[in-house]
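Student:
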Amino acid sequence: MVASRLYHCGTQGNKGKAPAFTDSVGGSGRDLLERAFEGLLSANLSKAAWGALEKNGAQLMIRSYELGVLFLPSAFGLDSFKVKQKFFSDNQEPTASFPVPYDLPPELYGSKDRPWIWNIPYIKAPDTHGNMWVPS
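All letters in the sequence shown, in the order written, are residues -9 to 126 by the numbering used here.
#1: If I'm right that A39 touches E56 with Cβ under 8 Å, what's the distance once you round it to whole angstroms?
#2: Does the distance from the CB of P89 to the CB of K74 come in under 7 Å?
#3: By alpha-carbon positions, which one of T118, K114, P63 ends up nearest to F27?
#4: So, for V15: in the same chain, excluding its five sequence neighbours on each side, which residues have a beta-carbon less than 6 Å away from its beta-carbon?
#5: Going by other Cβ atoms of all chains shown within 10 Å of its Cβ, with 16 needed for buried, is D93 buried or exposed?
#6: Can you tell which of S32, F61, G67 has the C-alpha that lies nearest to the C-alpha of S54?
#7: Tell me which residue opens and which closes the beta strand (DSSP E) that K102 is part of.
#8: For S64, name the three-state secondary structure that DSSP assigns.
Right, here's the structure in full:
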């Protein structure tokens, strides 16, 4: 089930500092502080991104394009990436560390958590800049 693999982005100082449109996918190595790969992407599961057949099935219309970057340790001469635990810290960690924009270990979403839905106003939940989503 997909829900059992979805995690909060964090509360320990990393949340809200990474771009909201960024999704992160990592392949775990031996533990949470090691990665076999890391992918940063903007993932959109909408019809606009995946496309829809038009003109009696003769044309695939895609209205939204997505971009992702896959980081492989082998491209840097490494077997794996060591994860930098604090994304925005001034601590001098090894240069071969990979910053991730979420807390470790990640926290699973709970049964009371609800997804963000584009056409619902969120006037009681401003973002880190005080902005609220109020669709017209």
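Backbone N, C-alpha and C define an ideal beta-carbon position, used for all residues, glycine too.
Tutor: With the structure as the only source:
#1: That pair is a contact at about 6 Å.
#2: Yes, the Cβ-Cβ distance between P89 and K74 is below 7 Å.
#3: When T118, K114, P63 are compared, the shortest CA-CA separation from F27 is found for P63.
#4: Result list for V15: G29, in chain order.
#5: buried
#6: S32
#7: If you look at K102, you'll find it isn't in any beta strand (DSSP E); DSSP assigns it neither H nor E.
#8: helix
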